[in-house]
Amino acid sequence: MNGPPLPPALPPGRVLNLPGRGEVFFRDSGGTPASSVVLLLHGWTVSADLNFFPAYACLAESYRVIAPDQRGHGRGMRSLERFRLEDCADDAAALLEQLGVSRVVVVGYSMGGPVGLLLARRHPGKVTALVLQATALEWRHTARERAVWRLLPLLDLSVRIGVGSGLADRVVAKAAGEAPELGRYGPWLAAEFQRATARDLVAAGRALGRYDARPWAGQLGIPAAVLVTTRDRLVRPAKQYELAAALRARVFEIDADHDLPLARGDEYARLTRLAADMAASAEPGTEMTRGGGRHDQV
0 MNGPPLPPAL
10 PPGRVLNLPG
20 RGEVFFRDSG
30 GTPASSVVLL
40 LHGWTVSADL
50 NFFPAYACLA
60 ESYRVIAPDQ
70 RGHGRGMRSL
80 ERFRLEDCAD
90 DAAALLEQLG
100 VSRVVVVGYS
110 MGGPVGLLLA
120 RRHPGKVTAL
130 VLQATALEWR
140 HTARERAVWR
150 LLPLLDLSVR
160 IGVGSGLADR
170 VVAKAAGEAP
180 ELGRYGPWLA
190 AEFQRATARD
200 LVAAGRALGR
210 YDARPWAGQL
220 GIPAAVLVTT
230 RDRLVRPAKQ
240 YELAAALRAR
250 VFEIDADHDL
260 PLARGDEYAR
270 LTRLAADMAA
280 SAEPGTEMTR
290 GGGRHDQV
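Residues in the sequence shown are numbered consecutively from 0, following numbering that gives the first Met the number 0.
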């Protein structure tokens, strides 16, 4: 893949030191003091930009958008000790405190879902609503799932060591085949895929395999929307519906795989904005499925 890694339009990026934690890189669209804030928490193996670049502009029309690279991913801080999703949640809380942001709507994709749920649990009052996408309450219920999450990080490690940039090129080529408009960003996408180290991704994968929010997620009592990717091969749709039921969330369905943000960026942006608007406008304690359990197919 030739050419310089020219990115799409992105919000301004900043680096901030979180006392006692480390430096965090994040995107911040800015806004007035009265602006509602959306915190974007990206998925496993990618950066905030890779996950959310199609949605930045759409969300920034109505919200201040803050999107950090989580530890071990992108430009995020590196964990010298065991990777813990709880630390990612506390990183996000510390960032919001440094920015003087008291309340946010969380949009969490894949791994970002568990981090968002943990942020709401560990820092009560900080999260006013949740928009969870292509994610689950846990990935350890069956022996097969436990085996998959043990092996996936090791597979990722072996592939990255074995083929290097070739893997990123193939991922980008596949995405560009589904969304030709991505072709002009190919070198940037490939470079962005390689920011994380295999060691950090292995540790994050193992943390996901240990995660289980079933005992407490239903007690959070905040408005929620869940975007279900109905052809998802990484996070089974049945697990996504289980999450929605536990949260009594409004469900949006889209016929897509786990690569939805790349493969169908415009539709992903529209749905993310729609779900964020609905969740942000709901009253605390509202069950967004009240009135029959609304499922929106798109």
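Idealized CB from N, CA, C, for every residue including glycine.
Note that the structure is a prediction, hence the values are computed from the model and not measured.
Inter-residue spacing [alpha-carbon to alpha-carbon] between residue i and residue j
i, j, result
"Val100", "Val37", "10 angstroms"
"Tyr62", "Gly19", "29 angstroms"
"Ser34", "Ile65", "12 angstroms"
"Gly21", "Ala88", "14 angstroms"
"Ala223", "Gly112", "11 angstroms"
"Gly220", "Ala133", "21 angstroms"
"Gln97", "Arg209", "30 angstroms"
"Leu9", "Arg26", "8 angstroms"
"Gly217", "Pro186", "42 angstroms"
"Lys125", "Ser280", "16 angstroms"
"Asp211", "Gln239", "13 angstroms"
"Asp199", "Asp258", "21 angstroms"
"Glu180", "Glu266", "14 angstroms"
"Leu17", "Leu242", "31 angstroms"
"Asp86", "Ala195", "17 angstroms"
"Ala197", "Leu207", "15 angstroms"
"Arg183", "Arg121", "41 angstroms"
"Gly75", "Glu60", "26 angstroms"
"Glu252", "Ala54", "18 angstroms"
"Arg247", "Val114", "19 angstroms"
"Gln362", "Gly12", "Residue coverage of the chain in this structure runs from 0 to 297, which leaves residue 362 outside it and unanswerable."
"Val158", "Asp256", "Because Val158 carries a pLDDT of 45, less than 50, the predicted location of this residue cannot be relied on, and the following value inherits that uncertainty. Taking the straight line from one Cα to the other gives about 21 angstroms."
Assigned exposure category for residue i - 16 Cβ within 10 Å defines buried
i, result
"Ser28", "buried"
"Val14", "exposed"
"Trp138", "buried"
"Pro260", "buried"
"Gly264", "buried"
"Asn50", "buried"
"Thr31", "exposed"
"Ala268", "buried"
"Gly163", "Residue placement at Gly163 is flagged as unreliable, the pLDDT there being 45, under the threshold of 50; a coordinate-derived value is accordingly withheld."
"Arg230", "exposed"
"Asp254", "exposed"
"Val250", "buried"
"Ala237", "exposed"
"Glu191", "buried"
Of the residues the options, the one placed nearest residue i, counting alpha carbons only
i, options, result
"Pro7", "Ala248, Arg263, Ala56", "Ala56"
"Ala202", "Pro4, Trp43, Lys125", "Trp43"
"Arg232", "Ala135, Leu17, Val104", "Ala135"
"Phe52", "Ala216, Ala262, Ala278, Ala274", "Ala262"
"Leu277", "Val225, Gly185, Pro236, Gln193", "The question names Leu, but residue 277 is Met in the sequence shown. Ranking the options by Cα distance to Met277, first place goes to Val225."
"Leu84", "Leu117, Met76, Gly75", "Leu117"
"Arg205", "Gly75, Arg81, Ala54, Phe24", "Arg81"
"Arg77", "Gly115, Met110, Val23, Val114", "Val23"
"Ala245", "Pro214, Leu273, Ala274, Ala54", "Pro214"
"Arg102", "Tyr184, Ala92, Glu252", "Ala92"
"Arg235", "Leu273, Ser109, Ala197, Arg247", "Ser109"
"Ala274", "Arg121, Asp86, Leu131", "Leu131"
Expected contact under 8 angstroms - CB spacing of residue i and residue j to nearest Å
i, j, result
"Pro123", "Leu94", "Not really, about 17 angstroms apart at Cβ, beyond 8 angstroms."
"Gly73", "Ser46", "3 angstroms"
"Leu58", "Thr271", "7 angstroms"
"Leu40", "Val106", "7 angstroms"
"Asp90", "Gln69", "7 angstroms"
"Val104", "Ala119", "Not a contact, Cβ separation roughly 11 angstroms."
Length-filtered (4 minimum) alpha helix (DSSP H) runs lying within the stretch 41 to 122: 47 to 51, 55 to 59, 84 to 98, 111 to 121
What are the complete alpha helix (DSSP H) segments, minimum 4 residues, inside the stretch 211 to 291? 236 to 246, 259 to 262, 264 to 280
- What runs of the beta strand (DSSP E), each 3 residues or longer, lie entirely inside the stretch 14 to 42? 21 to 27, 36 to 40
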